[in-house]
Amino acid sequence: MSASESIGNNTQKKLIKIDISSDTVCPWCFMGKKNLDKAIATSKDHYDFKIRWHPFQLNPFAPKEGINRKEYYRNKFGSQTKRIEARMSEVFRGHGLEYNLSGITGNTLDSHRLMHFAGQQGLDKQHNLMEVLSLGYFTQAKFIGDK
Numbered sequence: 088m089s090a091s092e093s094i095g096n097n098t099q100k101k102l103i104k105i106d107i108s109s110d111t112v113c114p115w116c117f118m119g120k121k122n123l124d125k126a127i128a129t130s131k132d133h134y135d136f137k138i139r140w141h142p143f144q145l146n147p148f149a150p151k152e153g154i155n156r157k158e159y160y161r162n163k164f165g166s167q168t169k170r171i172e173a174r175m176s177e178v179f180r181g182h183g184l185e186y187n188l189s190g191i192t193g194n195t196l197d198s199h200r201l202m203h204f205a206g207q208q209g210l211d212k213q214h215n216l217m218e219v220l221s222l223g224y225f226t227q228a229k230f231i232g233d234k
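In my numbering, the protein residues as written are 88 to 234.
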């Protein structure tokens with residue numbers, strides 16, 4: 088393991104390996120990452136962390152060209168949509184973020200390919216890319232399928 092593959096990088100510390108299966112359009116996965124980052128920040132004096140992200144597609148049949156995100160949520164969650172959206176907005180605000188429901192969603196295969204490539208460059212790069220993709224998608228309404 089190279090120094091660039093762990094968060095902490097002090098060989099005197101115990102190494103904690105974390106494997107995460109996630110989709111790049113899963114808001115709960117992103118909030119889990121934010122909580123994990125907080126835990127790492129409070130523990131980095133005692134531990135090094137090696138975090139590896141693995142692909143999981145919530146909807147592998149989602150259209151590559153995308154679909155209106157609000158429409159997609161209405162079709163998926165039905166009468167629970169407003170409650171789910173309100174809860175997600177509340178959780179995001181707890182992390183100092185605005186949950187943006189505008190824009191389109193779609194197939195995440197290419198974003199997982201990018202995550203895999205980033206992981207080959209170093210697991211720290213993969214972890215950082217997950218942050219960039221998530222902030223773009225969830226707070227700036229960027230399309231996850233953009234190249």
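Just so it is clear, CB atoms sit at the ideal spot from N, CA and C, and this is done for glycine as well.
Please read these numbers as outputs of a predicted model, since none were measured by experiment.
Mind checking whether residue i and residue j have CB atoms under 8 angstroms apart?
| i | j | result |
| --- | --- | --- |
| Y224 | T129 | no |
| I154 | F164 | no |
| I191 | F230 | yes |
| K120 | M217 | yes |
| K157 | N194 | no |
Rounded to whole angstroms, what's the CA-CA distance from residue i to residue j? Just pull it up for me.
| i | j | result |
| --- | --- | --- |
| M88 | Q144 | Its pLDDT being 42, under 50, M88 is placed unreliably in this model, and the value from its coordinates should be taken loosely. One C-alpha to the other measures close to 28 angstroms. |
| D233 | Y160 | 20 angstroms |
| K212 | A205 | 6 angstroms |
| Q207 | K104 | 16 angstroms |
| T168 | L220 | 23 angstroms |
| A90 | G209 | For A90, the pLDDT reaches just 42, beneath the cut-off of 50, and the residue's location in the model is therefore unreliable, leaving the point undetermined. |
| K131 | T226 | 28 angstroms |
| F148 | C113 | 15 angstroms |
| S198 | D106 | 18 angstroms |
Just verifying my parser: in three-state terms, what is the DSSP assignment at residue i?
| i | result |
| --- | --- |
| P142 | strand |
| I191 | strand |
| K125 | helix |
| S198 | helix |
| Y160 | helix |
| I154 | strand |
| D132 | coil |
Going by DSSP, which residues form a beta bridge with residue i?
| i | result |
| --- | --- |
| S109 | P142 |
| K137 | K104 |
When you compare each of the options to residue i by their alpha carbons, which one comes out closest?
| i | options | result |
| --- | --- | --- |
| N34 | K104, I103, F117 | Outside the displayed range of the chain (88 to 234) lies residue 34, so it cannot be described from this structure. |
| A228 | K151, N187, L201, K120 | N187 |
| L201 | W140, L123, K101, D106 | W140 |
| L184 | L196, H203, L222 | L222 |
| N122 | L196, S189, H203, V178 | V178 |
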